[in-house]
Structure formats: structure tokens, C-alpha cells
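Take a look at the structure set out below.
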Amino acid sequence: MSNHALGRPSSGKRRLKDLLLQSDNRVCADCGAPDPKWASANIGVFICLKCCGVHRSLGTHVSKVLSVTLDEWSDDEIEAMVEVGGNTSANSIYEAFIPEGFSKPGPDSSHEQRSKFIRSKYELQEFLKPSLRILSAPRKGSLQSSISRKIMDNFRSSSSSQKTAGMVEFIGLLKVKVIKGTNLAIRDMLSSDPYVVLTLAQQKVQTTVIGSNLNPIWNEELMLSVPQNFGPVKLQVFDYDTFSADDIMGEAEIDIQPMITSAVAFGDAGMFGNMQIGKWLKSHDNALINDSTVNIVDGKVKQEISLKLQNVESGEIDLELEWMPLEQ
Ligand SMILES: [Zn+2]
1 MSNHALGRPS SGKRRLKDLL LQSDNRVCAD CGAPDPKWAS ANIGVFICLK CCGVHRSLGT
61 HVSKVLSVTL DEWSDDEIEA MVEVGGNTSA NSIYEAFIPE GFSKPGPDSS HEQRSKFIRS
121 KYELQEFLKP SLRILSAPRK GSLQSSISRK IMDNFRSSSS SQKTAGMVEF IGLLKVKVIK
181 GTNLAIRDML SSDPYVVLTL AQQKVQTTVI GSNLNPIWNE ELMLSVPQNF GPVKLQVFDY
241 DTFSADDIMG EAEIDIQPMI TSAVAFGDAG MFGNMQIGKW LKSHDNALIN DSTVNIVDGK
301 VKQEISLKLQ NVESGEIDLE LEWMPLEQ
């Protein structure tokens, strides 16, 4: 049985630790060495001690290095790490255009090889999506340098005027509020320590772990960028285990097509009063508990969804989606 139930699941340190335990963060983002204990708080990657040395040498305007275990983290720094979502997500940006046949340094690579790669990757941004290479004006008092701010925006909610070239390939942002779980399956002796993982295209985001609770209330907002050719969002519930791999507690698919299609058809939701604009219908081959309507609520496109978890003995999840289109 997990022994972390006494911890405060929503505390910052806890969230950071949960993020570190995510499988892609169990190896260094730069060289693949196991068990990284360091992180670059403005870039959003977990790294090993050797790569950490190189990051430090780049200066804090490029990479702000912190120890996961030893340093004090501010809420903003933790939030930034959580928003990026881990090594896979960060590398999908920073290594998007890595040349074919190029070999990344390994855990035993020389300092020179490591150093050359890390500089190319973060300082010169040689492998970045071309659209992200155009620097935007730095904002005062910002934690990140302008370029990493811009990359962060790729992951972040942005209904403000912060539209950047890097977002062109995305059609919008999907905010998913994971509200609660009901009657979830038991995976430990008497209870479970559930958390929810959402996957869309290359992105994976997750809630915090709630200790020993089969009816957890998260009320936690997760953000996904929606690409041109999007498929369903995959939702999975896991039981967090300290000493073994996390057990699955059911899954479901969220069809976001009805919401996006109706939102696109209506255009600027701010022009309309509160009204229903679409519907995702319950059927034998989806996980819906009842029909789910798409509504304009105070100028925002929203959809409440109740899902029956599949491939598991019991469990339901309540969500609220919000669609935020990006102006082209
Ligand atoms: Zn490394």
C-alpha cells in the first residue's frame, strides 16, 4: 500500500515530486541518465547532475537550475514545471527538428559532447520549431527569458494578446477541469490513491494524486493544445504506488469534435448570449453517462461531461471542458 497518503497531495512540493515520478521524467532530458535530481525551472526539464553543470554555465537567463530535493521552489517555478508537463513535452519543442542521424549524448558522454549538445539545444535553439525561433519582446518581471516564455505559451492558457507564431499549427487550447471521481476501483488494500492523466497527440498532462480516496475531488484545470488534425482526448485514471508501477483504474475517450465543430461554426462566442450550440450524444460505443451539451456561457464555449470509466469494475469521472480558439 502506498505510504504517501499522509502527505498534502496539493502542496507544491508534492506536485513537483509527482511530476518527477512521471515515466518520462525518470531519465535526464538531455542525456538519458537515470534518476535525474535537478531541473531547469524556466525550461521545464528534469536533468542529471552532469547536464546540470552545463545548464549552470549557460547562465540563469537561459536555464535556471534548481535541485528537486534541496532547493526551495517558488509556486511560480513549480507551476511553470507543471505547465510544461515534463521532459517529453519539453523535448517535443526543443528537439522538434533534430537532424536525422544526429545522436544525442548518453549518460557516459564526455563533457564536451554534452556541452555542445545542450548549448545547441537551449542557447542556440538549433532544433526548435522554426516558428518559435522568432523572439518576442521580453516582459518585465518575467521569470523566463523571452524565448522560453514563448515556448511556455505553447503549453499555457492564453486568451490574452500573447498570440505567437509558434501557435499557428494549433487551432486552439482545450482547458479540461477535472472535477471529481465517483466510486473508483480499489487498487490498494482498502482504497486507492487516484490521479487522472489526459493525453492528446504528443501531450500528456495529469492531476495531482489524492491519497486514499475512491471519491476524489480535484477541481483541477489542465491545459492541452489542440492541433489541426486532432483525435479524441484519452483519459486514464491511475493508482499512485510508491514502490511499484502505478495500476490503471480505468480509461475513457473524450470526443472533442462536437465541441470544436460547433464552436468554429459560431465563431466569436463573445458575440452571443448564453445558449446551447452543440451536443455529444451518448451511445453504446462511447463512455458518456448521458448526452453532453456544448454551451456558450458568459462568452465562453463550455461542455460538462460525465464519463463511465471503461475496462474497470467501477468508476465515473466528471469534467468540464472549455474551448479557447486561437485567432489565425
Ligand atoms: Zn544528463
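For the sequence shown, counting from 1, position 60 maps to 60 in the UniProt record's numbering; every step adds exactly one. A virtual CB, placed ideally from N, CA and C, is assigned to each residue, including glycine.
The alpha-carbon separation between Ser92 and Gly44 amounts to approximately 12 angstroms.
Taken through DSSP and simplified to helix, strand or coil, Val82 comes out as helix. DSSP places Glu220 inside the beta strand (DSSP E), whose first and last residues are 217 to 227.
With the rule of 3 Cβ pairs closer than 8 angstroms, the region 190 to 198 counts as touching the region 236 to 256. Trp218 and Phe230 have their C-alpha atoms roughly 26 angstroms apart.
Contact between Lys37 and Ser11 is absent: CB atoms are separated by about 19 angstroms, not below the 8 angstroms threshold.
His61 and Gln310 have their C-alpha atoms some 46 angstroms from each other.
Residue ranges of uninterrupted alpha helix (DSSP H) with 4 or more members, entirely inside the region 45 to 127 and ordered along the chain, are 49 to 58, 75 to 84, 87 to 94, 111 to 118. Short note on Ile277: C-beta not closer than 6 angstroms to any heavy atom of ligand 1. Following the DSSP letters along the chain, one finds Gly12 inside the alpha helix (DSSP H) bounded by residues 12 to 21. At the C-beta level, Thr199 and Lys234 come within 7 angstroms of one another. The alpha-carbon separation between Glu77 and Val84 amounts to approximately 11 angstroms. Close CB contacts of Met81 within its chain, under the 7 angstroms cut and outside five residues either way in sequence, are with Leu16, Leu19, Ala39, Ala41, Gly44 (chain order).
For Pro194, the enclosing beta strand (DSSP E) has its first and last residue at 194 to 200.
Relative to Lys302, the option among Glu313, Asp285, Trp280 whose CA is nearest is Trp280. In this chain, the alpha helix (DSSP H) harbouring Gln257 covers 257 to 266. For the pair Ser292 and Glu320, the Cα-to-Cα distance works out to about 10 angstroms. Membership of Gly278 in the beta strand (DSSP E) is indicated by the continuous run 275 to 280. For Gly172, the secondary structure class from DSSP, reduced to helix, strand or coil, is strand.
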